[in-house]
Amino acid sequence: MHTGDWPTTIAAALAVQERLRGLVDVTDDCPELPPTVTGLDVAYDAADGIAAAVVTLETAGLTVVEERTVRAKAVFPYEPGLFAFRELPPLLDALERLDHEPDVLVCDGHGLAHPRRFGLACHLGVLTGRPAFGVGKTRFVGSHEDPPAARGSSVPLVDAGEEVGAVLRTQDGVKPVYVSAGHRIDLAHACRLTLALAPRYRLPETTRQADRLSRVALR
DNA sequence: GCGACAG
DNA sequence: ATCTTGTCGC
1176 MHTGDWPTTI
1186 AAALAVQERL
1196 RGLVDVTDDC
1206 PELPPTVTGL
1216 DVAYDAADGI
1226 AAAVVTLETA
1236 GLTVVEERTV
1246 RAKAVFPYEP
1256 GLFAFRELPP
1266 LLDALERLDH
1276 EPDVLVCDGH
1286 GLAHPRRFGL
1296 ACHLGVLTGR
1306 PAFGVGKTRF
1316 VGSHEDPPAA
1326 RGSSVPLVDA
1336 GEEVGAVLRT
1346 QDGVKPVYVS
1356 AGHRIDLAHA
1366 CRLTLALAPR
1376 YRLPETTRQA
1386 DRLSRVALR
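For the first sequence, the numbering used here assigns the number 1176 to the initial residue and increments by one for each residue that follows.
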């Protein structure tokens, strides 16, 4: 459990973020093709009820190896930029219940593509020590051109003059996704993995599986 | 001052 | 995130 000293105010969360952001390691030491990939997502109900889900897939065949869910009450309000403080408690709980240590975490949100360069994927990576990256469905910070229509095409996502991520087309002619490094993996590698995890749909299979599982767990 | 603002 | 009908297309 992580209910003890978890920040519950904006000011406290900003302080924690400021302290942890320095622990992000940009050195990529994730295997080019890790044996497994672990996806995470959270679903909510109208009463601040939360269902967190983690699903580990075999990278080669994208078959489910292991999955866990955790139900809880939200302990932090939704605040752009402090998203992790709302979703992390149940996600960390679920991760701890896995029998096998994840090789890489695929987050539903951003990593470095964050106003203070410390989105959910960075936070999750630092706290678990595992390689992690984010795949967001919409832009949070930065600007970019429209990537070419072919699957695999990408353009840089730039914020305040810094390349913080990539806008990647995972399917021909379909709205692209926002990929950013989180911890111990670089952007190019995160993009290659994202493409490998999205052979048929816009979102990586890890995210689709975790999304499905979290919704089921909420009922 | 006026928007924008991951899920 | 979640609330929601029909509709176009494979």
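Note that beta-carbon positions come from the ideal geometry of N, C-alpha and C, so glycine has one too.
- Here Lys-1248 is bridged, per DSSP, to Gly-1224.
- Secondary structure of Pro-1265 (DSSP, three-state): helix.
- Boundaries of the beta strand (DSSP E) around Asp-1334: 1329–1334.
- DSSP places His-1358 inside the beta strand (DSSP E), whose first and last residues are 1352–1358.
- Beta-bridge partners of Cys-1282 (DSSP): Gly-1309.
- A residue is called buried when at least 16 other Cβ atoms come within 10 angstroms of its Cβ; Thr-1202 does not meet this threshold and is exposed.
- Nearest Cα to Ser-1328 within the set Glu-1320, Arg-1390 and Arg-1344: Arg-1344.
- Contact between the segment 1302–1322 and the segment 1342–1362 is present: 3 or more CB-CB pairs across the two stretches fall below 8 angstroms.
- Considering only Val-1250, Thr-1382 and Arg-1367, the residue with the shortest C-alpha distance to Ile-1185 is Val-1250.
- Within the same chain, Cβ atoms closer than 6 angstroms to the Cβ of Ser-1389 are found at Asp-1216, Val-1217, Ala-1218, Ala-1226 and Ala-1228, the five residues on either side in sequence being excluded.
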